[in-house]
Each structure stands twice: as structure tokens, then as C-alpha cells.
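Q:
Residue numbers (my numbering), protein chains in the order written: chain P, 10 to 347; chain L, 4 to 562.
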């Protein structure tokens, strides 16, 4: 039997202060940066026109830019994409819209006319065009935010029903942490927020929840055993017991993502980056954020069973209460015994 | 072991179902055509590739409320949808998608189309056809001073918009001279003299220097025809958009721009027609339209009216013999209004002018046949993906998928040996059923969908890890193999269900609130989650049971 990390007894929770400092150091600069400079949003969110153009040989970006500006294309931004391709972005222009009834499409026509002049009609190849009205972008942003909030709400309710509200709260807060950390990562990496990246964040949420549920499932099971064990030790034991699975799942998923990073191409790459980071941070936060949060909520709002302290005091990690839990009182612990 | 047989039978049925739904076949389905349902035989190819994998165009259309206020948007959109669908069906694209998205948007997907301007034109053109008699009373000249006064009062002249500014210096003087009233009806001599024929015939009550009147030149060889220099069209339109100016126009008359510019001397002019607001007939009576090319007029669209339309048309034109009739399509006058020689019956033609391609005439005929859009639509979003990008995406996706899958299989078999092999069999079942479910629901395979699929592989693998690690723990605790396997599955069950349900909740919300790409992701994820649950909890367990049955638990389990 090939085993890794078998029967480990690492005191993970002890390191939570160190972990908290690391997290703070990572997140705080982003919390300052994001309000100042904001995110780069893709065309779906901002509205505007995007055109991805392939050329036969690497084009001169400066030349294209000046030609487009002279051609009257408003707010041009040009970025290289791969070796022979350019991504041209432009803001919407309402004055152009009025004359021609094509609406959002007109800027694309303008860009084409300019490129025709510069490279000849057959000298380039339009790979992709996107033109989005500003209203669509607003709507999309609102939709993504609403979807995330509702998903959190439902998860909270589901976990509170299956586990207990403290578990649910700890899991959801830890996942919120993952989102914030992922956003910080995107800020540092200068990753543009597109529909795709939003999908990646939502997947990170799913994965991170998944990981927390697995650890908490073990905690729930261990709580059911009639051991007089401080919650602190119990959490550590649960994390250690699930460690092989955590490592195995984490490494297989990362292997898949590595394949995406290498072969996925330019379109998928930002998506794969966000997922890679999110999955690492999601695994990490099950141990260092969710578990300490659970400890903390137990200390703050100790569980009470029939007027007697049940799990509460052991959460402090101090001397366990000399108590012989009867099966009935464990029943009364509510959802935990489910 | 009847229990085991039932399990195996169920698995075979599921695999059979998945394979069945994955095979292309001919199906008879009820489809909606216009108002009624008809049975239609189509060849259904499962797992159609989405636009991002195949190349093509995605359009989303909204009601243009700037042009027309609409009270019941949803109902208006339903009617518009019908018209758009008819047009697209005739456009000749294989498997187009035309559907309503939410209550205020129409989604049109055209695989393989890359002429965006043409596609947008076909979808968006209102195709509202009207026949209107041009004004013969020189009504515009009478109200010009009033319009000028209104513009001066509002101060808009000082803040004359964009295009006017640039031309003001060069064009102003010439344009002032240009202004001349419409000449007498049918006076063809004036035709040549559009620009030189004379401020001296100007009626006395006209202020040639007025902000609006200075832009407008008469001199057409028919009543109600005026000309505005192409460079001043925006400015003039800006004035005409002012509500006060609109109110000042002669009662019962409307101004309409011509569709094409004409050259008079060195400058390009855009014709402007004053027509009766009440059309003598509209395009609703049109039964057929087809493109044609004729020697003198160039490209034309010939149309046929139905009997009732023909009767009305004959009546109305009979009353207006000798008058000029503007053919107005989407508020633009097509060609030059012809003079009505005698009463016209059911046939007529729309002149598109020289230099227009036959294809444009074809598209116009198409939209005329499909009928007018009940509400004006504007394009809110255009996405065009070249076919090459789709091929790249597929190639890259396949490469990444193959590598990822290979790594997963490798890790499983190296780490868990025989049990890992069973898990890989479970994964194969998972992959097959996921695709089967997607095909069964007639889902389209998109790039985000592939991502969702790949991610649910992660969940499926995770479930196996949970089970196997648990079995190992139980074996370490000294349980027999049979008990260890049973306990392993039983204890992992709660974690598997909880993780799958939480993820499924998120996916369901995404489906409910997301659009397009996000939905594709959610659907693939949901299908994958369902298959993953069945695979881990049911299929892999059955495989273990088969193994136990074969070996009678005498061999050590390779895990």
C-alpha cells in the first residue's frame, strides 16, 4: 500500500496566527490598490468594441494605434495576443451611432476601414469581434454579484441544516476569504475580469466549499464519538485524518489545471491562473481559516445542552470538562448529530 | 446475489441510455412554426458545438426605446421574435438559434456567418414600407422662418453640433447662396439650376440666413424635394429632432431623408422630402418581393400586393394621378419618387439605385417578405468568432483534456493500484454519462461548458479519494476487507453528498441568474455532478462488490 502523509500528527491550528499574518500581508496591499485603480474589466462588462485581428507577420503596434486614432476610433487600446495577433479595443461612440443605424457595430466597421487602408483588404484576418452596449455590461455585473450572494445564502442554509450554524458560518466566511484573496491575486497579476474569470471565481467558491465540507464532515463525525477531547485537538485530528485526501485531490486537480495552463491557449489561461491560485488558497483556508473560525465561534457562543456546557468549554483547548456525554445529550446537540 | 445482478443491470441500462443519446439520429419533433405546432423530421446531431468552438455570430437585440416607446415590452418582443425568426430561416444558415432571453432581449446565433454587417442588417431592418405622396403646396417654405426663429431662440444654432462646425467656414457662404425654394411642379428646367437658379426667385418672406433654412436648398424637379449638403445632414437632423421644430412643421406633413446621396455640381447632397404623414398604403399588404436588375433603374425589388392591398393601392393612386409618390422604407425614401401616371394595381417596384449589389436587393426582398418588425430593435451585443479560433480552442481543449485525464489516471493507478483501476472504470462511466446527459438535454458544447466538464472530473476523482482513504483507515483499524469496504463507502457517503449538493446549489444559481457562457458552464457542471455521484457511490461500489463476490474476500485488497 503506497501511502503518503499517513497518520500525521501535525499541530496545524497552532500556526493560525502566522497564517493570519501571511494572509494579511497578502491581502492588505490589494485592499488599498483596488479602490484606487480598480480592476480591468473585459468588454462584456464595460461595453465597447473589441476586435481580435490576425496578421501575416507581427504588426507594428504603434503604427496601428496612430492610424486608428487618426481614423477617429474613440479610446483605442491595443494589446498583443500571441505573436501575430492584436486585440483592439475601443470605447463606444454615440455620435457615430446616430448617423448610421448599426448601433454598436459601427466602431468595428471604422476599425476595419482603417485596417483596410493600412494593410489592404486581404492583409489581415478578423478572428473575433465583440461589441457590447453599456447596458449589457451593467446587467452582467449585477447578475454575477446577485448569483454569488444567493449561492452563499443557500449554502449557508444548507450547511446549517446538515451541520450546524457555526460550521456554516465558518465555511462561508472562509470562502469569502478565498474570494478576497483571489481578487487580490488577480489585481497583482493584472488579470482582466471577464465572464470566464467570473466563472473561475465561482468554481473556486465551489471547490473551496467542497474542501471545507470534507474537513467539517470529519469534525462532525469525530464530535459524535464519545471522546473527551478538546475541540482544539479534535480539529487538529480531523485535519490530519483528512490530509491524505486533501493532498491527493489537490494534486490531481492541480495536475489538470497545469495541463490547462500549458495547452489551454490564450483564452483559457487567465481562467486557469485564477483557478490554480484559488484552489491552493481554498485548501489552505480550510485548515487555517475555517478551523480557527470554528474554534472562535465555539468560544464566543458556546454550545449549551440542557443548561449544561457541552462542547463549549472544550473549545478553549483547556482541561476538558469531566463529563460523560450520554447519548441523549449528544442527540440534543442538534444538527451535529444528524 | 440478485442484488448484485440488479446493480449490474442498472449500470448497463445507464450506459446504454448514454450511448443511445450520443448517437446522431433522425427524430420527429414538434416544432413551432409561426402560430401552430407542426411535426418536423430533423437529423439531430448530439452535442452541437457552440459558436465559440465552431465560429459564427452571436447577436443580442433589444427594443430601441429611443425610437418608439413600448408599453408591453415582452409581448412586443414576442411579435418581433417571430419576424426575426422568419427572416433568419430564409437567410440560409444551418441551425440558427433565435430565442428570447429574459423579457427584453432576443438572442440570435448564426453559426458559420462572418459578414456581420449583412447579418445585422437583415435582423435589425424594420422593413416598414410606406407609400407617401410628396407635398405640392410649398408648405415647408411657409414654415421655414418660424423654424429658424425657434432654433435661434433655443440657442442651438450657436452650439451647432459636430459636423456642422467643421464645414461652417467653407460651406456657409455657398450654402446661403444655394438656398432656393422648390420650383414649380414638373419644371424640368430647374433641374440643372439647382445651385445657380437663383436667389432672385426666392419668396420674399424667407430669411436666407436662418440657421435651418440656410442648410436647405430647393431646386428639385418635383414638388416637396429639397437638398441638404451631405456635410450638413447631421446639423439639419439635429434641428429637426428638436420637439419645437417638429411641432412647427406643416400639419399632416413629415420630412423624410432620401436613402442615397446625389451629386449636384461638386458637392454631394442628401435629398429631403416633405411628404403626407398619412401613407396611402403600407407594406402589410405585401405578399411577395423579389430582387431584379433592370437597365435604367439599376437594382430593384419587385413586389406584389395582395388583392385587398391592390384594391386600395389602385383607389389611392387613382386619386393622385400626376402626383409624386415616395416609397419610404424605414423612414428613408428609396430612389426618387416616381410620378403616378395612372392607377397602379398589385405590382410595383422599389428602386435601390445604381451601384447596389443584387445581394442587397435579395436581403431587402427577404425582409419585406418576412414582414416589418413591430418594434424597432437595436443591437446590444455582437460577438463574432472566426472559425480558426474555434478550431484552435478545440485543439487546445482536447490537448489539455487528454493530458489532464492521463495524469489523473496515472495518479489513481499508481497510488491505489487495483482499486485505482476500478476508480478509473468509474471515471469512464462518469464521462460517458455526463456527455449522455448533456446530449439528452440537447445542450450545446461551448468552451465554458468544457471547463465545467473538466471541473466536475475533479469532483468525481475527489469522491473516489474520500472513499479509498476511508477504506484504508478502516483496514488499518483491523477490520475485515468486506467490512472495511462497506464502512468506507458508508462513511464517505455524507461528505460526498454534502460536497456535491453544495456545488450543485451554486451551479443551479448560476444557471438561474447567468446568461450565455455562464449558463453553459453551469449546465455542464450540473450534469457532471449528477454523473459523479452515481459513479462514485453506485458504480465503483458495485465494482467492489463484484470483486468481493469473485474472490470471496480471500485475497488482500490492493488499495
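Ideal Cβ positions, reconstructed from N, Cα and C, are used throughout, including at glycine.
I'd like the span of the alpha helix (DSSP H) that includes residue 242 of chain L, first residue to last.
A: Counted from its first residue, the second chain places residue 242 of chain L at position 239. 236-243 is the span of the alpha helix (DSSP H), which, as asked, contains residue 242 of chain L.
Q: Could you tell me whether the region 525-543 of chain L touches the region 425-440 of chain L, where touching means 3 or more Cβ pairs closer than 8 Å?
A: The region 525-543 of chain L is in contact with the region 425-440 of chain L.
Q: By the three-class DSSP mapping on this structure, what secondary structure does residue 141 of chain L have?
A: Counting from one through the second chain, the residue named residue 141 of chain L turns up at place 138. Three-state DSSP puts residue 141 of chain L in coil, outside helix and strand.
Q: Got a sec: which bits of the region 489-500 of chain L sit with their beta carbon under 8 Å from any beta carbon on chain P, in order along the chain?
A: Those residues of the region 489-500 of chain L that come within reach of chain P (Cβ to Cβ, closer than 8 Å) are 494, 497 and 498.
Q: Are there 16 or more other CB atoms within 10 angstroms of the CB of residue 256 of chain L, so buried, or fewer, so exposed?
A: Residue mapping note: residue 256 of chain L aligns to position 253 of the second chain, counting from 1. Classification of residue 256 of chain L: buried, given that the 10 Å Cβ count is 16 or more.
Q: With C-beta atoms as the reference, is residue 381 of chain L less than 7 Å away from residue 119 of chain L?
A: The count along the second chain starts at 1 and reaches residue 381 of chain L at position 378. The count along the second chain starts at 1 and reaches residue 119 of chain L at position 116. Their beta carbons are not under 7 Å apart, which means residue 381 of chain L does not touch residue 119 of chain L by this criterion.
Q: If I measure Cβ to Cβ from residue 127 of chain P and keep anything under 6 Å in the same chain, skipping five residues before and after, which residues do I get?
A: Counting from 1 along the first chain, the entry for residue 127 of chain P is found at position 118. So the qualifying residues of the chain are 76.
Q: Let me check understanding here. Comparing Cα to Cα, which of L:303, L:346 and L:314 lies closest to residue 322 of chain L?
A: Start at 1 with the first residue of the second chain, and residue 322 of chain L comes out as number 319. Checked all of L:303, L:346 and L:314; the closest Cα to residue 322 of chain L is L:346.
Q: Could you pull out every residue in the same chain whose Cβ sits closer than 6 Å to the Cβ of residue 400 of chain L, ignoring the five residues on either side in sequence?
A: As a working mapping, residue 400 of chain L is identified with position 397 in the second chain. Counting only Cβ-Cβ distances below 6 Å, and skipping sequence neighbours, we find 453.
Q: Is residue 467 of chain L buried or exposed, if buried means 16 or more other CB atoms sit within 10 Å of its CB?
A: Sequence index remark: in the second chain, residue 467 of chain L carries index 464 (1-based). The residue in question, residue 467 of chain L, is buried, as its Cβ has 16 or more Cβ neighbours within 10 Å.
Q: My parser needs the alpha helix (DSSP H) runs of 4 or more residues fully inside the region 455-491 of chain L; what are they?
A: Runs found: none.
Q: For the region 130-147 of chain P, enumerate the residues whose C-beta is nearer than 8 Å to any C-beta of chain L, in chain order.
A: If the cut-off is 8 Å between Cβ atoms, the region 130-147 of chain P has 134, 135, 136, 137, 138, 139, 140, 141, 142, 144 and 145 near chain L.
Q: Looking at chain P, is there any beta carbon in it that lies within less than 7 Å of the beta carbon of residue 263 of chain L?
A: To locate residue 263 of chain L, count along the second chain from 1; it is residue 260. For residue 263 of chain L, the answer is no, since every Cβ of chain P falls outside 7 Å of its Cβ.
Q: Taking residue 72 of chain P as part of the alpha helix (DSSP H), name the residues at either end of that continuous run.
A: Sequence index remark: in the first chain, residue 72 of chain P carries index 63 (1-based). Its alpha helix (DSSP H) spans residues 70-79.
Q: Measure from the alpha carbon of residue 116 of chain P to the alpha carbon of each residue in P:186, P:80 and P:21, then state which is nearest.
A: For the purposes of this step, residue 116 of chain P is taken as residue 107 along the first chain, with counting starting at 1. Residue P:80 is the option with its Cα nearest to residue 116 of chain P.
Q: What residue ranges within the region 115-164 of chain P form continuous beta strand (DSSP E) runs of no fewer than 3 residues, ordered along the chain?
A: If we require 3 residues or more, the beta strand (DSSP E) runs fully inside the region 115-164 of chain P come out as 133-141.
Q: When you compare the region 270-281 of chain L with the region 231-245 of chain L, are there three or more beta-carbon pairs, one atom per stretch, that lie closer than 8 Å?
A: Yes: at least three Cβ pairs fall under 8 Å.
Q: When the distance is taken between beta carbons, is residue 349 of chain L closer than 7 Å to residue 308 of chain L?
A: Numbered from 1 along the second chain, position 305 holds the residue referred to as residue 308 of chain L. Numbered from 1 along the second chain, position 346 holds the residue referred to as residue 349 of chain L. Yes, they are a contact pair.
Q: Name the residue from L:444, L:522 and L:516 whose alpha carbon lies nearest to the alpha carbon of residue 25 of chain L.
A: Here residue 25 of chain L corresponds to residue number 22 of the second chain, with the count starting at 1. The shortest Cα separation from residue 25 of chain L among L:444, L:522 and L:516 belongs to L:444.
Q: Would you report the Cα separation of residue 120 of chain P and residue 132 of chain P, rounded to the nearest angstrom?
A: Here residue 120 of chain P corresponds to residue number 111 of the first chain, with the count starting at 1. Here residue 132 of chain P corresponds to residue number 123 of the first chain, with the count starting at 1. Distance between the alpha carbons of residue 120 of chain P and residue 132 of chain P is about 14 Å.
Q: Please confirm whether residue 418 of chain L has its beta-carbon closer than 7 Å to some beta-carbon of chain P.
A: Numbered from its first residue, the second chain carries residue 418 of chain L at position 415. Yes, its Cβ sits closer than 7 Å to a Cβ of chain P.
Q: Going by DSSP, what residue range makes up the alpha helix (DSSP H) through residue 360 of chain P?
A: The requested residue 360 of chain P does not occur in the structure, where chain P is confined to residues 10 to 347.
Q: For residue 99 of chain P versus residue 57 of chain P, is the C-beta distance shorter than 7 Å?
A: Taking the first chain and counting its residues from 1, the one referred to as residue 99 of chain P is at position 90. Taking the first chain and counting its residues from 1, the one referred to as residue 57 of chain P is at position 48. Yes, these two residues count as a Cβ contact at 7 Å.
Q: For chain L, check one thing: does any of its Cβ atoms lie closer than 7 Å to the Cβ of residue 125 of chain P?
A: Walking along the first chain from the start, residue 125 of chain P turns up at place 116. It does not: the Cβ of residue 125 of chain P has no partner Cβ on chain L nearer than 7 Å.
Q: Are the CB atoms of residue 39 of chain P and residue 183 of chain P within a distance shorter than 7 Å?
A: Residue mapping note: residue 183 of chain P aligns to position 174 of the first chain, counting from 1. Residue mapping note: residue 39 of chain P aligns to position 30 of the first chain, counting from 1. No, they are not a contact pair.
Q: Checking contacts by CB at 7 Å: is residue 532 of chain L closer than that to chain P?
A: Numbered from 1 along the second chain, position 529 holds the residue referred to as residue 532 of chain L. No, its Cβ sits nowhere closer than 7 Å to a Cβ of chain P.
Q: Would you kindly work out how many angstroms separate the C-alpha atoms of residue 490 of chain L and residue 425 of chain L, rounded to a whole number?
A: Taking the first residue of the second chain as position 1, residue 490 of chain L is located at position 487. Taking the first residue of the second chain as position 1, residue 425 of chain L is located at position 422. Cα-Cα distance, rounded: 18 Å.
Q: Quick one: measure Cβ to Cβ for residue 277 of chain P and residue 216 of chain P, integer angstroms, because I've assumed they're closer than 8 Å.
A: As a working note, residue 277 of chain P is residue 268 in the first chain. As a working note, residue 216 of chain P is residue 207 in the first chain. Between residue 216 of chain P and residue 277 of chain P the Cβ distance is about 17 Å, and since that is not below 8 Å, they are no contact.
Q: State the DSSP-derived secondary structure class of residue 148 of chain L, mapped to helix, strand or coil.
A: For the purposes of this step, residue 148 of chain L is identified with residue 145 of the second chain, where counting begins at 1. Note: residue 148 of chain L maps to helix in three-state DSSP.
Q: Pick from L:472, L:94, L:92 and L:78: whose alpha carbon is nearest that of residue 12 of chain P?
A: One-based indexing of the first chain puts residue 12 of chain P at position 3. Residue 12 of chain P has its Cα closest to that of L:472, out of L:472, L:94, L:92 and L:78.
Q: Here's the rule I'm using: 16 or more other beta-carbon atoms within 10 Å means buried, otherwise exposed. How should residue 103 of chain P be labelled?
A: Mapped onto the first chain, residue 103 of chain P falls at position 94. At residue 103 of chain P, the pLDDT of 42 sits below 50, so the modelled position is not reliable; the number obtained from the coordinates is stated separately. With fewer than 16 other Cβ atoms within 10 Å, it is exposed.
Q: Measure from the C-beta of residue 387 of chain L to each C-beta in chain P and report whether the shortest distance is under 7 Å.
A: Taking the second chain and counting its residues from 1, the one referred to as residue 387 of chain L is at position 384. Yes, contact with chain P.
Q: Report the residues of the region 257-270 of chain P with a CB closer than 9 Å to any CB of chain L, ordered along the chain.
A: Here the close residues are 257, 258, 260, 261, 262, 264, 265, 266, 267, 268, 269 and 270.
Q: Any idea which residues DSSP pairs residue 264 of chain L with across the strands?
A: Here residue 264 of chain L refers to the residue found at position 261 of the second chain. DSSP, once it has assigned bridges, lists no residue as partnering residue 264 of chain L.
Q: In whole angstroms, what is the alpha-carbon distance linking residue 133 of chain L and residue 287 of chain L?
A: Position 130 of the second chain, counted from the start, is the residue given in the question as residue 133 of chain L. Position 284 of the second chain, counted from the start, is the residue given in the question as residue 287 of chain L. Whole-angstrom Cα-Cα distance: 9 Å.
Q: Measure the C-alpha to C-alpha separation of residue 72 of chain P and residue 52 of chain P and round it to an integer number of angstroms.
A: Position 63 of the first chain holds residue 72 of chain P. Position 43 of the first chain holds residue 52 of chain P. If you take the alpha carbons of residue 72 of chain P and residue 52 of chain P, they lie about 23 Å apart.
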